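Those protein sequence lines, which keep their order, are chains A and B.
For the first sequence, the residue numbers in this note's numbering are 90 to 332.
For the second sequence, the residue numbers in this note's numbering are 1157 to 1573.
Even glycine gets a Cβ: it sits at the ideal position worked out from N, Cα and C.
Quick caveat, the model's predicted, so the values are computed rather than measured.
Written below as structure tokens is the structure these notes are about.
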Amino acid sequence: MFIYRCDGTKEGILCCLYDSFTAKRVPDAVYSGRFQPAFDQEVIDVKTDEKIAARVRSGIVKCGGISLLSELFLPLRSCESLRETVVFFVAYRCLKERRNVITDYTDNNVLLHRDLAARIKKEVHNMHGFLRFAECTGGLYAHFSPDNDVVDLVAPHFARRFSGEKFIIHDTKRNLLAVYDGKSLKTVLNDSPVTVYLSTEEEQFRKLWKTYFDSVSIESRKNKRLQDNFLPRRYRKDMTEFQ
Amino acid sequence: MLDEQRLKILTESAKYDVSCSSSGSDRRNTAKGTGNAAMCGICHSFTQDGRCVSLLKILLSNRCVYDCLYCVNRRSNDVPRASASPDEICRLVMSFYRRNYIEGLFLSSAIEKSPDHTMELLLETVVRLRKLYGFNGYIHLKGIPGADELMLKRAGGYVDRMSFNIELPSEKSLKLLAPQKSKKAILTPMSDMAAEYVAAKAEKNKLFLPAGQTTQMIVGASPEHDGAIIRLTEGLYKKFALKRVYFSSYVPTNTNTDLLPTAPVGLLREHRLYQADWLLRFYGFSASEILSENEDLDVTVDPKCAWALKHMEQFPVEVNSAPPEMLVRVPGIGFITANKIVRARKFSRLDFNDLYKMRVVMKRAVHFITCNGKFSGQPHLQSVKNLLVLAENSTNAVQLSMFSSPEISTSVIGGQL
């Protein structure tokens, strides 16, 4: 009865796997950050070592190629605390059976893995639509607070779309900024408050957008529950039309 | 610049058009341009009626010379009128698009003066957007029936999707309710565009309506049966290579006529028609399998259940060995779950518990499948039917509260809910 504690990165998980296979022991769970172990659970700290991680990584690639690797680690971006555990056990089974088990939907961990990954993909897709930019002096600025850590997955879509324009996408929950200077994208951590100056036209277009949004709805078919299903209320605080 | 008042008028006139998808086009951004299209389509917001906002849906003008009985913008209606210039529309699209409010433009217009004149303005707007403003986002253009063929074809080279509304499911109803429109004037350009679309697809690097054509018809304003509507729909898919047929449940907007029903048609009929449409497009069903010409769709169960109940001789199917095209015909198993089953059964044989975990809708599926030869559904057709009707209604259940109406409370006590 023990738990691995790692740094929550891909490399951290890979090192937990290494320890599990070499010491021939299987944990109850894998965590990063703060958690509450059970009364009888020992906590084993796993240090991240790039060399060890690389070895395990090539082992996983042998099970299912590079594509398995990226698919496997996607749920680490989730906000759910069981993310590391789920990724660990799916990877563990792949390595143990030397094959890709990511489509064995009779396995509870695989099902959980799929759910976490699906929620992240859904959120990325949603944010391609729900993000609202404001025209500021010096470029476009958007703030949002996604459930999962997706800012660097959301940003490339806008870099393709607004080629040559500068923009910043601000994840206010994690204080992350995706910055595009018209040529390349980078993600930076920023703890200081961000101040932007709106362009003179901005207010006018916001008003027009709200007018449009209100008048395109069909009054006799009002269905707020349907609206809530598609557009969760927690996202609305960052959206122009709900201000 | 378009002011709030005109924007409001032009939007309210356009909002009854149901099509709002922005999918199916893979138009890329250019070096100095703005925007691209996303193959899967993107919803940018959802209004209070639960419909998505993807495109800026707007009319160029609502000053119509036609007098179609079902339309808000008919000539004899007393509603505020407005029009916008092509450049005003372009500027609005660009500013909304940069702020990520919209995925593109859905442009339509009332027939101002003549079809040719109207089409000319629409064409000018899209050419301006593409060439002058460098816009590469999604454009859905409403074709004007009766406009010059060359103009329509030219527009097809600039936009992603075009649609000609067939408005009503039969020529007779069209004559009665939209006297200035004719079946021929609508279908001729549709078939011309379809030919061009198919030819362009064979060529590389030629963009002609990359997202194809769609159409729309009003349901419930005229007496056609669902069977006729579904047959018409199938014909449109086959003959004109349409991407989608939209149905819009009739909403009374005009009261000054006795040719139209005064009450709105419930949304259930529209919902069932869309379910049948899905069966046509994705599930490999044909119209004659779903229902016969003079029949209406069953309101108590969905069309797939209704089909399965009529064809019990094909069931139960063994989930561990059935081919995918048969799995998707099982009520309660859709595309995603069928795909999961096919992939998972390569690892081990599946039992009922595995299917639950894979989110197969067991209250429907259980009567139509076996797992490892085991069957645990109802043996009698009538009891299966009753249970399916119950399963359908349970999704409409409401949580009782202190303030629930007396009818609901008594129906609970009576055991009807």
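Against chain B, with Cβ distances strictly below 7 Å, would residue i count as a contact?
i: residue 326 of chain A; result: no
i: residue 320 of chain A; result: yes
i: residue 250 of chain A; result: yes
i: residue 120 of chain A; result: no
i: residue 286 of chain A; result: no
i: residue 157 of chain A; result: no
i: residue 200 of chain A; result: yes
i: residue 204 of chain A; result: no
i: residue 192 of chain A; result: yes
i: residue 111 of chain A; result: no
i: residue 98 of chain A; result: no
i: residue 195 of chain A; result: yes
Quick test of your reading: residue i and residue j, contact by CB under 8 Å. State the CB separation rounded to the nearest angstrom.
i: residue 1440 of chain B; j: residue 1481 of chain B; result: 6 Å
i: residue 1374 of chain B; j: residue 1323 of chain B; result: 6 Å
i: residue 192 of chain A; j: residue 1506 of chain B; result: Going by Cβ atoms, the distance from residue 192 of chain A to residue 1506 of chain B rounds to 13 Å, so no, they are not a contact pair.
i: residue 286 of chain A; j: residue 226 of chain A; result: 5 Å
i: residue 1226 of chain B; j: residue 1377 of chain B; result: 5 Å
i: residue 1409 of chain B; j: residue 1228 of chain B; result: 4 Å
i: residue 1354 of chain B; j: residue 1397 of chain B; result: 6 Å
i: residue 189 of chain A; j: residue 152 of chain A; result: 6 Å
i: residue 1426 of chain B; j: residue 1405 of chain B; result: 4 Å
i: residue 302 of chain A; j: residue 1203 of chain B; result: 7 Å
i: residue 1361 of chain B; j: residue 1185 of chain B; result: With 8 Å as the limit, residue 1361 of chain B and residue 1185 of chain B do not qualify as a contact, their Cβ atoms being about 16 Å apart.
Please state whether DSSP places residue i in a helix, a strand or coil.
i: residue 1400 of chain B; result: strand
i: residue 1626 of chain B; result: The requested residue 1626 of chain B is not part of the displayed model; chain B covers only 1157 to 1573.
i: residue 154 of chain A; result: helix
i: residue 1505 of chain B; result: coil
i: residue 1339 of chain B; result: helix
i: residue 1176 of chain B; result: coil
i: residue 277 of chain A; result: strand
i: residue 238 of chain A; result: coil
i: residue 259 of chain A; result: strand
i: residue 1541 of chain B; result: helix
i: residue 203 of chain A; result: helix
i: residue 1573 of chain B; result: Interpretation of residue 1573 of chain B is limited by its pLDDT of 43, a score under 50 that renders its predicted location unreliable; no figure is taken from the coordinates.
i: residue 232 of chain A; result: strand
i: residue 1489 of chain B; result: coil
i: residue 1372 of chain B; result: strand
i: residue 187 of chain A; result: coil
i: residue 330 of chain A; result: helix
Could one say the Cβ of residue i lies closer than 7 Å to chain A's Cβ atoms, at least one of them?
i: residue 1257 of chain B; result: yes
i: residue 1167 of chain B; result: yes
i: residue 1152 of chain B; result: This structure cannot speak to residue 1152 of chain B, because chain B is shown only from 1157 to 1573.
i: residue 1570 of chain B; result: Bear in mind that the predicted position of residue 1570 of chain B carries a pLDDT of just 49, short of 50, making it unreliable; the figure below should be weighed with that in mind. Chain A, which has no Cβ nearer than 7 Å to the Cβ of residue 1570 of chain B, makes this no.
i: residue 1576 of chain B; result: Residue 1576 of chain B is absent from the model: chain B starts at 1157 and stops at 1573.
i: residue 1583 of chain B; result: The structure shown does not extend to residue 1583 of chain B, since chain B spans only 1157 to 1573, so no value can be given for it.
i: residue 1160 of chain B; result: yes
i: residue 1460 of chain B; result: no
i: residue 1298 of chain B; result: no
i: residue 1171 of chain B; result: yes
i: residue 1175 of chain B; result: no
i: residue 1573 of chain B; result: Below a pLDDT of 50, predicted positions are generally treated as unreliable, and residue 1573 of chain B, at 43, falls in that range; the measurement from the model is reported next regardless. Not closer than 7 Å to any Cβ of chain A, the Cβ of residue 1573 of chain B fails to qualify, so no.
When you measure from the CB of residue i to every non-hydrogen atom of the ligand PLP, does any distance come out below 6 Å?
i: residue 316 of chain A; result: Here there are no bound small molecules, and the ligand PLP is not part of this structure.
The stretch 218-240 of chain A: which residues have C-beta closer than 9 Å to a C-beta of chain B, in chain order? 218, 219, 220, 221, 222, 223, 224, 229 and 231
When Cβ atoms are compared, which residues of the stretch 290-316 of chain A fall closer than 7 Å to chain B? 294, 296, 297, 298, 300, 301, 302, 304, 305, 306, 307, 309, 310, 311, 312, 313, 315 and 316
Which residues, in order along the stretch 253-279 of chain A, keep a beta-carbon less than 9 Å from a beta-carbon of chain B? 253 and 254
Residues from the stretch 1200-1217 of chain B in contact with chain A, defined by Cβ distance under 9 Å: 1200, 1201, 1202, 1203, 1204, 1205, 1206, 1207, 1208, 1209, 1210, 1212, 1213 and 1214
Could you run through the stretch 1497-1528 of chain B and flag, in chain order, every residue whose CB is less than 7 Å away from some CB of chain A? 1499, 1500, 1503, 1504, 1506, 1510, 1513 and 1514
Counting only runs of 3+ residues fully inside the stretch 1287-1365 of chain B, write out the beta strand (DSSP E) ranges in chain order. 1294-1298 and 1317-1319
What residues in the stretch 1267-1291 of chain B bring their beta carbon closer than 7 Å to a beta carbon of chain A? none
Beta strand (DSSP E) runs contained entirely in the stretch 269-322 of chain A, provided each spans 3 or more residues: 274-278
Where the stretch 165-189 of chain A meets chain B: residues whose CB sits under 7 Å from a CB there: none
Please identify, using Cβ separations under 9 Å, the residues of the stretch 1233-1253 of chain B that lie next to chain A, in order along the chain. 1248, 1251, 1252 and 1253
What are the residues in the stretch 1178-1194 of chain B lying within 9 Å of chain A by C-beta distance? 1184, 1185, 1186, 1187, 1188, 1189, 1190, 1191, 1192 and 1194
Contacting positions in the stretch 1415-1428 of chain B - beta carbon closer than 8 Å to chain A: 1420 and 1423
Check distances from the C-beta atoms of the stretch 1397-1410 of chain B to those of chain A and list, in chain order, the residues that come in under 8 Å. 1407
Using a Cβ-Cβ cut-off of less than 7 Å, list which residues of the stretch 127-148 of chain A approach chain B; keep chain order. none
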